[in-house]
Amino acid sequence: MTARTLYDKIWAEHIVAQRPQEPALLYVDLQLVHEVTSPQAFEGLRQRGLKVRRPDRTIATIDHSIPTTDRSLPIKDPIAARQVAQMSANCAEFRLPIFAPGSGHQGVVHVFSPELGLIQPGMTLVCGDSHTATHGAFGVLAFGIGTSQVEMVLATQCLLQQPSRNLRVNVTGRLKPGVGAKDVILALIAQIGVGGGTGCVIEYAGEAIRGLSMEGRMTISNMSIEAGARAGLIAPDEVTFAYLKGRPFAPEGAAWDEAVARWKTYVSDPDAVFDREVTLDGSALEPMITFGTNPAMGIPVTGSVPEPGALAAGVERDGLTKALAYMGLTGGQAILGHPIDVVFVGSCTNGRIEDLRAAASVLKGRKVAASVRALIVPGSEVVKRAAEAEGLDRIFLAAGAEWREAGCSMCLAMNGDMLLPGQTCVATSNRNFEGRQGPGGRTLLASPITAAASAVAGAVADPRSFA
Amino acid sequence: MKPFKPFESRIAVLAADNIDTDQIIPARFLKTTTKEGLGLQLFHDWRYAADGAPRAGFPLNRPEAQGAEVLVAGDNFGCGSSREHAPWALSDGGYRAVVSTSFADIFHGNALKNGLLPIKVPAEAHRKLLEAGSGARVKVDLESQTLTLPDGSTVGFPVDAFPKRCMLLGVDELGYLLQFEQEISAFEGTRQAPYDTRMKV
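Listed in order, the protein sequences are those of chains A and B.
Using the numbering used here, the letters of the first sequence map in sequence onto residues 56 to 522.
Using the numbering used here, the letters of the second sequence map in sequence onto residues 394 to 594.
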């Protein structure tokens, strides 16, 4: 039998049917649903008189549109309130389980589901959200889909798919102190570009990846889409199994042992051939930060903003010029010390307990600069409880940061948490597109410790100065 | 979805690479629960100043771009979020095709499912379109997979056979998927669900 990649194996196991010259029917083990990309899909089912085929393979939450302030109050924005109410109504009508606010498990769709142990190696998983790639960290084929496809999966539990190409990213060596998962993925995207993974499923491998916790691995897989890749897989190992053990939906007893034995087969064969390979020297990486308006516009925090004049005339140079003008930066300037107004710690990229611990390690005994507003937004109700049990909330509040309720919040500014025009924010989220955090807002993407260090400094800071 | 017929149209040129879906339709407009009306917010923050007045410098606000059904944009069009609101907004804004040198995967798939044709052309043809500028005319023919450029030359473009057939006939993929009920049931018989809806939590 020919050697296969991890992706090839999961793909092959989920093909339901394929007619000649037509795309394959790929079976979906689990679909995650949230309020923003599903209402039109449920409406489509109604119009066709269809049911949800497998409520036991569908699970919902509410994350994008809800405020992260006091949940006992009604939602002020009437359009958001209607969308949130629609999600609950659709779940009731189609008999889907929903982890709504106050359930104890609500959270950002890519944070609450791994916590429940729902995400297990070898699965296929989709959601109407491009950061579904997050779950690839468990050796799961997970990718974002559009609303038409949400409807297809609700109705048939299948998708029509063409296979992707295999891209392996090897991150060699050990990361230096102060360098973490976020820095790895920002450095990779800076290297291969925002379209560098288009048409590919990435598999992350190498010593630096193996050395990461599940939280760190999720940060890496999460941003695969920012390189244009649909999915980003990491083969499961003892770290994965230890994370899953004892979670509410994880197998128990003899079923656990059987599951682990099966999960161990979800690795690429040693002689599997990848369409492309990219190597990153993990031991050489520095803390990273973005300076521009797409996630590939990243540099080490100790670096300088690139000069448009160094590029040949054309669309690329125009793009850089436009990005720097938007960001209020000048080519050649150091990014360290650039003044900031807001810090946002949270999101499906960096809203997990380990991320909050990292931010707290910097903020403990320090103060957020008077000129800075710092928002700490836990990724889920579970993360919030865990952080409070450890006393992280008191560290944040003592530092002068805001401690908020779980949700997507200022990652995409749908829920009222947004920048004012012209404000600059160091954010632990995943996108620095123009206006992503509010019209006219400027986003610098970085790790939780870089964000926390910058909050204290009131300007872009090197987290290693705060160790 | 209506059958996709050949058509001739002026082009609107937006010469920027990596136009992301947050530019096509900013997230704060995704609170809608329908597909209609998003054309009003298409490229909102590029089209309008903070006070709501149209920005005169934005290429799609110029007179020669009005009425265009074909948008010509830079490389890696539609990167970022999976929001299908992006093709809905483009279609609602009057566009039937987008021409670029490459497209982001999810946007590409979403566009095809909504009768919006992503046309990938070689750099040379793309350069000609940028030079011709907004207002120049092109012809789009999906059946023959050709785009006729303003200078009268034609260039071919790739489309997978299956979505092409769906677009030409004006049918959607869900209808096709529903024919596989037996195969799906047989496949499901071999698999255990990830959780039981009666379980704890």
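Where a beta carbon is used, it is the ideal one built from N, C-alpha and C, also for glycine.
- Our two residues, Leu-433/B and Thr-427/B, have alpha carbons roughly 14 Å apart in a direct line.
- For Gln-416/B, the C-beta contacts it makes with chain A under 8 Å involve Phe-488, Glu-489 and Gly-490, in order along the chain.
- Rounded to the nearest angstrom, the Cβ distance from Gly-191/A to Ile-289/A is 6 Å, consistent with a contact under 8 Å.
- In terms of Cβ geometry, Leu-80/A and Leu-505/B do not form a close pair [threshold 8 Å].
- A Cβ of chain B is located within less than 8 Å of the beta carbon of Arg-137/A.
- Against chain B, a Cβ distance below 9 Å from Gln-76/A picks out Ala-554 and Phe-555.
- Taking a Cβ-Cβ threshold of 7 Å, the residues of chain B close to Met-469/A are Ala-420, Arg-421, Leu-423 and Lys-424, in chain order.
- Shortest Cα-Cα distance from Leu-535/B to any of Leu-523/B, Gly-563/B and His-519/B involves Gly-563/B.
- For the pair Arg-489/B and Glu-401/B, the CB atoms are not nearer than the 8 Å cut-off.
- If you keep only unbroken alpha helix (DSSP H) runs of at least 4 residues inside the segment 545 to 587 of chain B, you get 554 to 562, 566 to 570 and 574 to 581.
- Legend: CB atoms of the segment 203 to 231 of chain A lying less than 9 Å from CB atoms of chain B belong to residues Ser-203, Gln-204, Val-205, Glu-206, Met-207, Ala-210, Thr-211, Gln-212, Cys-213, Leu-214, Leu-215, Gln-217 and Ser-219.
- In the pairwise beta carbon analysis, the segment 257 to 276 of chain A is classified as touching the segment 221 to 240 of chain A: at least three pairs are separated by under 8 Å.
- Residues Gly-283 of the same chain have their beta carbon placed closer than 6 Å to that of Gly-250/A, with the five preceding and five following residues left out of the count.
- Put simply, the CB of Tyr-488/B is far from chain A, with every gap to its CB atoms at 8 Å or more.
- Contact annotation for Ala-443/B against chain A: Pro-476, Pro-494 and Gly-495 [CB-CB distance below 8 Å, chain order].
- Pairwise C-beta distances place the segment 499 to 516 of chain A out of contact with the segment 457 to 467 of chain A, as fewer than three of them are shorter than 8 Å.
- Proximity to Pro-543/B across Ser-537/B, Pro-396/B, Asp-444/B and Val-465/B peaks at Val-465/B, based on C-alpha coordinates.
- Cα atoms of Gly-462/A and Leu-87/A: separation of roughly 15 Å, rounded to the nearest angstrom.
- Rounded to the nearest angstrom, the gap between the Cα atoms of Ser-323/A and His-160/A is 33 Å.
- Collapsing the DSSP output to three states places Thr-227/A in a strand.
- Restricting attention to Ala-522/A, Asp-448/A, Cys-255/A and Glu-98/A, the CA atom closest to the CA of Val-205/A is found in Glu-98/A.
- In this structure, Arg-449/A is the residue among Leu-379/A, Cys-403/A and Arg-449/A with its C-alpha nearest to the C-alpha of Ser-416/A.
- Assignment of beta strand (DSSP E) within the segment 372 to 439 of chain A, counting only whole runs of 3 or more residues, yields 397 to 400 and 428 to 431 in chain order.
- Counting along the chain, Thr-425/B sits inside no beta strand (DSSP E), nor does DSSP assign it H or E at all.
- In terms of beta-carbon proximity, Pro-515/B stays away from the interface with chain A, with every pair separated by 8 Å or more.
- For Ile-512/B, the closest C-alpha among the options Gly-526/B, Val-492/B and Phe-397/B is that of Val-492/B.
- When Cβ pairs closer than 8 Å are counted between the two stretches, the segment 483 to 493 of chain A is seen to touch the segment 389 to 401 of chain A, the count reaching three or more.
- The three-state secondary structure of Glu-443/A, taken from DSSP, is helix.
- At a C-beta separation below 8 Å, Ala-518/B has no neighbours in chain A, since its nearest C-beta there lies roughly 15 Å away.
- In the three-state reduction of the DSSP assignment, Ala-501/A falls in the coil class.
- Residues of the segment 158 to 185 of chain A with a C-beta less than 8 Å from any C-beta of chain B: His-160, Leu-171, Leu-173, Gln-175, Met-178, Gly-183, Asp-184 and Ser-185, listed in chain order.
- The bridge partners DSSP lists for Cys-255/A are Arg-220/A.
- Residues of chain B with a Cβ closer than 7 Å to the Cβ of Pro-94/A are, in chain order, Thr-426.
- Taking one beta carbon from each stretch, the segment 416 to 433 of chain A and the segment 359 to 377 of chain A have fewer than 3 pairs nearer than 8 Å; the two do not touch.
- Using a Cβ distance threshold of 8 Å, Leu-447/A and Arg-412/A count as a contacting pair.
- Under the DSSP assignment, Lys-237/A falls in the alpha helix (DSSP H) whose first and last residues are 236 to 247.
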